[in-house]
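See structure below.
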Amino acid sequence: MSLYDLLVAQIATNGPMRISNFMADCLLHPEFGYYTTQDPFGASGDFITAPEISQMFGELIGLSLAQSWMDQGSPTPFSLVEFGPGRGTLMADLLRATKGVAGFHAAANIVLIEASPKLREHQSQALADYTPHWIDNVEQLAPLPTFAVANEFFDALPIRQFVRDGDAWRERQVGITGRILAFGLGPNIPQPALAHRLEDTKDGDLVEECLAASAIIANLGQRIKDHGGAALIIDYGDWRSLGDTLQALKNHAPVDPLEHAGQADLTAHLDFEALATATPCSYSRITPQGVFLERLGITQRAQTLAQNMEADTLNAHFLAHQRLTHPDEMGNLFKVMGLYPDNRRPPAGLEP
Ligand code: SAH
1 MSLYDLLVAQ
11 IATNGPMRIS
21 NFMADCLLHP
31 EFGYYTTQDP
41 FGASGDFITA
51 PEISQMFGEL
61 IGLSLAQSWM
71 DQGSPTPFSL
81 VEFGPGRGTL
91 MADLLRATKG
101 VAGFHAAANI
111 VLIEASPKLR
121 EHQSQALADY
131 TPHWIDNVEQ
141 LAPLPTFAVA
151 NEFFDALPIR
161 QFVRDGDAWR
171 ERQVGITGRI
181 LAFGLGPNIP
191 QPALAHRLED
201 TKDGDLVEEC
211 LAASAIIANL
221 GQRIKDHGGA
231 ALIIDYGDWR
241 SLGDTLQALK
251 NHAPVDPLEH
261 AGQADLTAHL
271 DFEALATATP
281 CSYSRITPQG
291 VFLERLGITQ
301 RAQTLAQNME
311 ADTLNAHFLA
321 HQRLTHPDEM
331 GNLFKVMGLY
341 PDNRRPPAGL
351 EP
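See below:
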């Protein structure tokens, strides 16, 4: 049995399913989920993320968080948290870059929020020199100052989609035609949570909602407000999205999200406005990844690393820098938002 067959059978019995439930099954089904069964990253995987492109990404994030930690009086102990750490590369680079920050490692409880047992193994190997521990969700974090990073984590959280119909909305669902998965629309129902979207949409427009992201940010933001800390949220998306952004990637190419259930990565753009609305602590302006990394000194770091490189390695290094920062590559599509306590400065690289 495949996930596809399982979903067809379920829908035949229970009726059409929300896209959020479809997405959750595709990504994290215990037996068939994409993240539960595969190692999706890198050149041989389905997509490549910023920390896998260059060590500079995790290093600069580490320095930004360590700077916030020092600005707040170097609180001890504190939680150093990563949401969805993938292969553990970002955290390994972050820790290597912050070795010289007096007291930072000794004070840090390294906490990884990861749903996939397979990826937890990768993380354990990448961080063999440290003693991280794993939790399932943000509620399990200790009541401590919390310095956190999430790169391409929120885009993997399940979204719902709604198509405007008059002053109400019809939910886009996954149903079946014969034994083939197909999108359809549910009944016309008012959605009070989407009241603000009646202002900027017209009949037939599609909007997305990610309740899971808002709930996580509400919890994390409350911790930062109460205990101190900072968070860097990096993802593709914009202040407010419009239209269908559900995307499936397999072997680095877009594929039909229904056809490859559980076999392809599934993501949706992040609406940063929803995070800003959900957090009780201060948040920064959203900043393009390229601008953020340049402000943190990626060019100087790239030059230093380049001094010990030759030929092919040097060329790959040059291309990696460009890929992370250039507006036509990841530099503009990916945005960064910082969370921080009221009356403090935002994390380095960001503005209030
Ligand atoms: N941050 C990494 C990986 C991004 S992929 C990088 O930049 O390379 C998304 C990651 O989030 C994976 O590790 C995946 O297993 C994890 N993940 C997805 N949904 C999750 C959830 N609901 N709870 C915890 N981890 C989740």
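In my numbering, the protein residues as written are 1 to 352.
All C-beta atoms in this analysis are idealised placements derived from N, C-alpha and C, irrespective of residue type, glycine included.
| task | Run the proximity test for Pro132: is its beta-carbon closer than 6 Å to any non-hydrogen atom belonging to ligand 1? | result | no
| Can you name the start and end residues of the alpha helix (DSSP H) that Pro117 belongs to? | Pro117 to Ala126
| field | C-alpha distance - Pro145 paired with Phe162, whole-angstrom precision | value | 37 Å
| field | Per-residue burial, Phe318 [other beta carbons within 10 Å of its own, 16 or more giving buried] | value | exposed
| said: Considering just the uninterrupted stretch of the beta strand (DSSP E) at His133, what are its terminal residues? | reply: His133 to Ile135
| query | What does DSSP give as the partner residues of Pro288 in its beta bridges? | reply | Lys335
| task | Below 8 Å on the Cβ atoms is my guess for Phe57 versus Asp265; work out the distance and round it to an integer in Å. | result | In fact, because the Cβ distance is near 19 Å, the residues do not count as touching under 8 Å.
| Is Gln31 near ligand 1, judged by its Cβ being under 6 Å from some heavy atom? | Here residue 31 turns out to be Glu, not Gln, going by the sequence shown. Glu31: no, Cβ never under 6 Å from ligand 1.
| task | Compute the beta-carbon to beta-carbon distance between Pro132 and Gln125, rounded to the nearest angstrom, for a pair I have assumed lies under 8 Å. | result | Pro132 to Gln125, Cβ: 11 Å. No contact.
| field | Segment contact flag, the region 93-103 with the region 253-273, C-beta cutoff 8 Å, min 3 pairs | value | no
| task | Given a cut-off of 7 Å, decide if Glu52 and Thr89 are closer than it, judged by their beta-carbon atoms. | result | yes
| Looking at the structure shown, is Leu144 part of a helix, part of a strand, or coil, going by DSSP? | coil
| query | Considering Leu80, what are the terminal residues of the alpha helix (DSSP H) in which it resides? | reply | Looking at the DSSP string, Leu80 is not in any alpha helix (DSSP H); the run it does join, the beta strand (DSSP E), is Phe78 to Phe83.
| task | Evaluate Asp5 with the Cβ neighbour count: other Cβ atoms within 10 Å of its Cβ, from every protein chain shown; 16 or more gives buried, anything less gives exposed. | result | exposed
| When the Cβ atoms of the region 318-338 are set against those of the region 283-298, are three or more pairs found closer than 8 Å? | yes
| query | How long is the line joining the alpha carbons of Pro192 and Gln222, rounded to whole angstroms? | reply | 24 Å
| query | Under the three-state reduction of DSSP, which class applies to Leu90: helix, strand or coil? | reply | helix
| C-alpha gap between Glu209 and Ser68, whole angstroms | 31 Å
| query | Can you tell which of Gly175, Val138, Gly15 and Pro143 has its C-alpha closest to the C-alpha of Phe78? | reply | Pro143
| field | Buried versus exposed, by CB contacts within 10 Å (16 or more), Gln289 | value | buried
| query | Does the distance from the CB of Val149 to the CB of Leu232 come in under 7 Å? | reply | yes
| task | Less than 8 Å between the CB atoms is what I'm expecting for Ala213 and Phe147, so what's the real figure, rounded? | result | About 20 Å; that fails the 8 Å criterion.
| Are the beta-carbon atoms of Ile61 and Leu95 separated by less than 7 Å? | no
| query | Hey, would you say Ala50 sits closer than 7 Å to Leu220, going by beta carbons? | reply | no
| query | Beta-carbon separation of Asp235 and Asp342 under 7 Å? | reply | no
| Is the CB-CB distance between Ala261 and Val255 below 7 Å? | no
| task | Jot down the residue ranges of each uninterrupted alpha helix (DSSP H) in the region 16-46, minimum 4 residues, whole runs only, in chain order. | result | 19-28 and 34-37
| task | Give me the Cα-Cα distance between Leu194 and Leu206, rounded to the nearest whole angstrom. | result | 11 Å
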